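Participant:
Numbering (this note's numbering), first residue to last: 1 to 139.
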């Protein structure tokens, strides 16, 4: 039996790895703020080639020696929580491309459930073992 998927919203910020906010890497600041806001999850993905508002192509090719590769910061949580986070994103991202996409989170089966997976299974699904010690609700 497959667990039902949970509706969510994915926020993606496309920037350069050298973009900063108050002398800190922009991608790192977005992830830390998403964590502080209690959002469900965030990750930074480094690209091998891309361009942005400057129309200058950034690439990881050795001959180009680019030191400003594209990065995508992806944050996922419920629509309500991601939209509540948007004012912080507005403060940080300036000219970075930002997208919002509806998505679904498919919970993994835990080892304690029939047909469950390994020890990490269930990490993306709701925690039904009791109240969250930090007072945050999981997706």
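Backbone N, C-alpha and C fix where the C-beta goes; we use that ideal spot for every residue, glycine too.
Nothing here was measured: the structure is a model prediction, and the numbers come from that model.
1. Mapping DSSP to helix, strand and coil, what is residue 109?
2. Assign residue 9 to one of three DSSP states: helix, strand, or coil.
3. So for residue 92, helix, strand or coil by DSSP?
4. Between which residues of its own chain and residue 21 is the CB-CB distance below 7 Å, once the five residues before and five after are set aside?
5. Name the DSSP bridge partner or partners of residue 43?
6. With DSSP as the reference, identify every bridge partner of residue 16, one or two as the case may be.
7. Using the beta-carbon count (16 or more within 10 Å), is residue 85 buried or exposed?
8. In terms of DSSP beta bridges, what is residue 98 paired with?
9. Can you tell me whether DSSP reads residue 87 as helix, strand or coil?
10. Count the other C-beta atoms from every protein chain shown that fall within 10 angstroms of the C-beta of residue 27, then say buried if there are 16 or more, exposed otherwise.
11. Considering only residues of the same chain and omitting the five flanking positions on each side of residue 82, which have a CB-CB separation below 6 Å?
12. Between the Cα of residue 187 and the Cα atoms of 50, 80, 103 and 106, which residue gives the shortest distance?
13. Nearest-angstrom Cα distance between residue 94 and residue 88?
Facilitator: Put simply:
1. Start at 1 with the first residue of the chain shown, and residue 109 comes out as number 109. If DSSP states are grouped into helix, strand and coil, residue 109 belongs with coil.
2. Counted from its first residue, the chain shown places residue 9 at position 9. In the structure shown, residue 9 sits in a strand (DSSP, three-state: E or B).
3. For this step, residue 92 is matched to residue 92 along the chain shown. Helix.
4. Start at 1 with the first residue of the chain shown, and residue 21 comes out as number 21. Only 29 and 92 meet the Cβ criterion.
5. As a working note, residue 43 is residue 43 in the chain shown. BP columns for residue 43 point to 74.
6. For the purposes of this step, residue 16 is taken as the residue at position 16 of the chain shown. According to DSSP, which records beta bridges pairwise, residue 16 is partnered with 70.
7. Position 85 of the chain shown, counted from the first residue, corresponds to residue 85. By the 10 Å Cβ count, residue 85 comes out buried.
8. Walking along the chain shown from the start, residue 98 turns up at place 98. Paired residue(s): 13.
9. As a working mapping, residue 87 is identified with position 87 in the chain shown. Here residue 87 sits in helix by DSSP.
10. Position 27 of the chain shown, counted from the first residue, corresponds to residue 27. Buried, since its Cβ has 16 or more Cβ neighbours within 10 Å.
11. In the chain shown, the residue the question calls residue 82 occupies position 82. Same-chain partners within the cutoff: 9 and 11.
12. The question about residue 187 has no answer here: the residues shown for the chain are numbered 1 through 139.
13. For the purposes of this step, residue 94 is taken as residue 94 along the chain shown, with counting starting at 1. For the purposes of this step, residue 88 is taken as residue 88 along the chain shown, with counting starting at 1. C-alpha separation (whole angstroms): 11 Å.
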